[in-house]
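In order, the protein sequences belong to chains A and B.
In terms of our numbering, the first sequence opens at residue 1 and continues consecutively.
In terms of our numbering, the second sequence opens at residue 555 and continues consecutively.
Don't be surprised by glycine CBs; every beta carbon is placed ideally from N, CA and C.
Small disclaimer: the values here were computed from a predicted structure and weren't measured.
Have a look at the structure below, then the notes.
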Amino acid sequence: MARRRFLSVWLPDLSTDRLWRRERRRPAWERELADGVPLATVAAVQGGQRVAAADAAARAAGVAPGQPLADARALAPGLRTLAADPAADTRLVGALADWCGRYTPWTAVDATADEGDIDPTAPHPFRHGLWLDISGCAHLFGGEAALLADLTGRLARMGFANTAALADTAGAAWAVARFGRDPDRRIVPPGGQRAILAPLPLAALRLPAGTVAALSRVGLRRVDDLLGLPRAPLAARFGTAVARRLDQALGHDAESFVPRRPVPDLRARLAFAEPVSAAGDLAAAAERLLDALCADLERARLGARRLELVGYRVDGGRTGVAVGTSRPLRDPVRLFRLLAGKLERLDPGFGIETLVLAAPATAPQGAEQADMDGRAARGDRLADLLDRLGNRLGPGSLRRLRAGGSHLPERAWRQVPAVAAPDAPPAPPAAALDPPVAAAADAVPPQPRPLHLLPWPEPIEVVAPVPDHPPVLFRWRRVQHRIAAAEGPERIGPEWWHAELPAADVPDPAAAVQAPLRDYYRVEDEGGARYWLYREGLYRPGVAPRWFLHGFFG
Amino acid sequence: MTTPVPFPRRPAESPSPDPPPRPDPALLADLRARIRRLERGHGKAGRDQVPAALTLGDPAIDGALPGGGLARAALHEVVGPPEEAMGGAMGGTMGAATGFCAALLGRLAAGDGADGAILWCCRDHDLYGPGLAALGLDPARLLLVRGRRDADVLWAMEEGLRSGVPAAVVGQVAAPAAVALRRLHLAAETGGVTGFLLGRAPADRQASPAMTRWRVAPLPGGLPSGLSPWPAPRWRLELLRCRGGRPGSWDVTWHAGPETDGHGTAGGAFAVRPPAAGTAAPTGKKTLVFGTAER
């Protein structure tokens, strides 16, 4: 495997930057904060109001996270305070990680601060950060230095204080982004982790604060001090985390992250010199991306089952549309027809500067020879129709009727999705639309069955002369029907081997316990309409039987 | 310069008025065929040959329809009985209209060979497989399309009709606008697909671009009291309007076709029942003015 390159971004003032950004977007007469006013967020911690985060101006006045609010006010009399909102911070970091998808599909939120043994509500200087795996992506932006400068510059213009670093290992990049003093040495050359880490303090190894304090008590303060030490006593006294973090930072030990979004199998990217917002331009760009992606799909002998078109906006937003297909597809014309119907939902805002088309779900598709006359087969055209319908109406809107292998009416036939989900094992394309094999002799019972079956049997009021006799009158939905003729009963027993069925599969939750048998009657009312009724359970003296309407005949 | 054609003026006092000349039957048939072709628009099916009509299986009904049956590549409306006639009971009364539609689709599918899905567009589906199979329609050929709004259902119908892929398209829409109906009919002509629109009986007798409009109601008295074998479906079919045909009303019984491999039946046919004594007689003789019935 090729050498991996990780980029770590530290957003030290994310909470206050978020508030400042919100403030600057307001019109001047609605602003609450004047520029340059020290700002801090406050949270109720340990029974008192404490500073959760402070911006640069407040820190210059001596305000520090964790201080009681009264102390902070004494240090900075002009301090403006707002309530801390950790949830909004988390959302913002997530959105920034998504925005970083313009550089690489592999992005994640840095959760290092949540892994330690510290209180998650306590202020943590390294709480907010991002991971980017930019292996193989840097050349698209003119090299690593250019990519790093582009990323930090864009974040800064958006109003986020940030530092970022690049290294072979995630640990080294993290350490340099937060502890590297020299802004010119943010890019650790391949294999240079040891040299760059050695002079850094031990906190740079992503160790919990308690461990760092314990190490410093025995005189170990810099990474250098640990490098030569025997591992076993170190692990015995300070836990395995020390050696593990050291090895991860140096690249001796693998470290795994889960990217925020699934990394697509294939993607194509188009960056614009100027932000684009016209619908026609976006469509033309999508067409170019499709051509590139379909060429890649053909080389990989794959077809797309799902396509995502994501636009990265000038203002740091992200907008996207997705289409699904019923079978693997790599024909740019057909895919564009699907995508074109959704392009209007792409919200360009002030303009889209980068457009990425990805195929997150693919399936094998062999080489194909089109017909000599260039016309698609009927099955293909049906699949095209299904794709058009499914993408507009939603994936669950296309269904087929299938025999269900049960004698209970509501389970004997069921509706199944007509199009298999992309993550399901791919069915042979022809079999997807063939008549079901399961339609055996028992699928159509010898007794007449209704044309409409109510999804849930509806209770009706019934007048029956004798308990064990078809009714002469029933009332359904407040309308009375006088029965002219009836036929029955047809007794349908419960599925006793499914006694533990979940309530969702049984029409009446109470019926799940005992699942009484049903006596079905086919009746015709005076108007000629034909109904399917049943009485639940056997007749028992003193117990009024319950009647239900279950369907209509043609 | 054309010579002026004298206005044919009959002499006021003609002693022996000649009987009007009988038109040449061959010429009449040719003119009728040309008009039919003109009426069928400019769809791909309409220009050169009109596909064979879908017969209902009884000469009495088929004879009332132009071309001896329901025109393919066109839109047909099927409505249930008016609400007030059934005492406001909504649910059960549409069964007859749905059943008629399913039976027609069964005949259509049986004549088509094996392929061709049938699109059934609706807002909520409670169709039941065995009931469809009993009416001669193989449930495996149905493709159920569910739309959240009527507009979605109409759009799905139009897409299906225009694509020319499915064997037939059925839609269930409460009150489609006239423009929507027109679009559907044009789509059916373009794609060469037969469309059926299931709905309620419209309150106003508005003109419709559909080729036919049927009203289907269940016929009472089909089930003799006492325990007996379940009789075949019996409906009163009313052909409310029909382009180029005669509206009429028939009491029919549906007879299942030959059994196929355990799937139920394929096809099947309608048979007009002689009117029962005391019930309203079927009227095939209504005044015909430009293809619409005057009542």
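A484 of chain A belongs to the set of residues whose beta carbon lies under 8 Å from a beta carbon in chain B.
In chain order, A241, V242 and R245 place their CB closer than 7 Å to the CB of L207 of chain A, counting only its own chain and leaving out the 5 sequence neighbours on each side. L290 of chain A is classed as buried because its beta carbon has at least 16 other beta carbons within 10 Å across all chains shown. For E713 of chain B, the nearest CB of chain A lies under 8 Å from its own CB, placing it at the interface with that chain. DSSP places A358 of chain A within a strand segment (E or B) once states are collapsed to three. Counting only runs of 4 or more residues that sit fully inside the stretch 11-86 of chain A, the alpha helix (DSSP H) segments are 14-25, 56-60 and 69-75, in chain order. The Cβ-Cβ distance between R299 of chain A and L270 of chain A does not fall below 8 Å. Taking all protein chains shown into account, S326 of chain A has 16 or more neighbouring C-beta atoms within 10 Å of its C-beta and is therefore buried. Within the stretch 684-709 of chain B, P684, G685, L686, A687, A688, L689, D692, P693, A694, R695, L696, L697, L698, V699, R700, G701, R702, D706 and W709 place their CB atoms closer than 8 Å to a CB of chain A, listed in sequence order. Across the stretch 447-460 of chain A, CB contacts with chain B closer than 7 Å involve P448, R449, P450, L451, H452, L453, L454 and P455, in sequence order along the chain. Counting only runs of 3 or more residues that sit fully inside the stretch 294-341 of chain A, the beta strand (DSSP E) segments are 302-313 and 318-329, in chain order. The stretch 485-493 of chain A and the stretch 576-593 of chain B do not touch, with fewer than 3 CB-CB distances between them shorter than 8 Å. When Cβ-Cβ separations below 8 Å define contact, L398 of chain A makes contact with chain B. Spanning the alpha carbons of D133 of chain A and A628 of chain B requires a straight line of approximately 58 Å. Per DSSP, the unbroken alpha helix (DSSP H) holding C655 of chain B starts and ends at M648 to G665.
Within the model, the alpha-carbon separation for R73 of chain A versus V37 of chain A is close to 13 Å. When only Cα atoms are considered, L11 of chain A and A235 of chain A end up about 32 Å apart. For E344 of chain A, the number of other beta carbons within 10 angstroms of its own is below 16, and it is reported as exposed.
Taken in chain order, the members of the stretch 525-540 of chain A whose beta-carbon sits within less than 9 Å of a beta-carbon on chain B are D525, E526, G527, G528, A529, R530 and Y531. Taking the Cα positions, G746 of chain B is about 44 Å away from Q480 of chain A. Taking the beta carbon of Q415 of chain A as reference, the chain B residues within 8 Å of it are H679 and L698, listed in sequence order. Residues of the stretch 649-671 of chain B with a C-beta atom less than 7 Å from some C-beta of chain A are G649, A650, T652, G653, A656, D669 and A671, listed in chain order.
For F552 of chain A, the nearest beta carbon of chain B is closer than 8 Å to its own beta carbon. DSSP, reduced to helix, strand and coil, places V218 of chain A outside both helices and strands of the structure shown, so it counts as coil.
Rounded to the nearest angstrom, the gap between the Cα atoms of A54 of chain A and F160 of chain A is 14 Å. The continuous alpha helix (DSSP H) containing W174 of chain A extends over residues A170 to F179. Within the stretch 455-489 of chain A, the complete beta strand (DSSP E) segments of 3 residues or longer fall at 473-476, listed in chain order.
At least one CB atom of chain B sits nearer than 8 Å to the CB of A403 of chain A.
Cβ-Cβ distances below 6 Å link R127 of chain A to A113 in the same chain, with the five nearest sequence neighbours on each side left out; the list follows chain order. Straight through space, the alpha carbons of D525 of chain A and A663 of chain B are spaced by roughly 32 Å.
Within chain B, the C-beta atoms nearer than 8 Å to that of A418 of chain A come from L697 and L698, in chain order.
R737 of chain B sits away from L393 of chain A, with the two beta carbons spaced by 8 Å or more. As a beta-bridge residue in DSSP terms, G749 of chain B pairs with B:L629 and B:V723.
Residues T211, A214 and L215 of the same chain have their beta carbon placed closer than 8 Å to that of F238 of chain A, with the five preceding and five following residues left out of the count.
Interface criterion not met: the Cβ of L738 of chain B is under 8 Å from no Cβ in chain A.
Taking Y103 of chain A as reference, the option from A:P77, A:L155 and A:L92 with the minimal CA-CA separation is A:L155.
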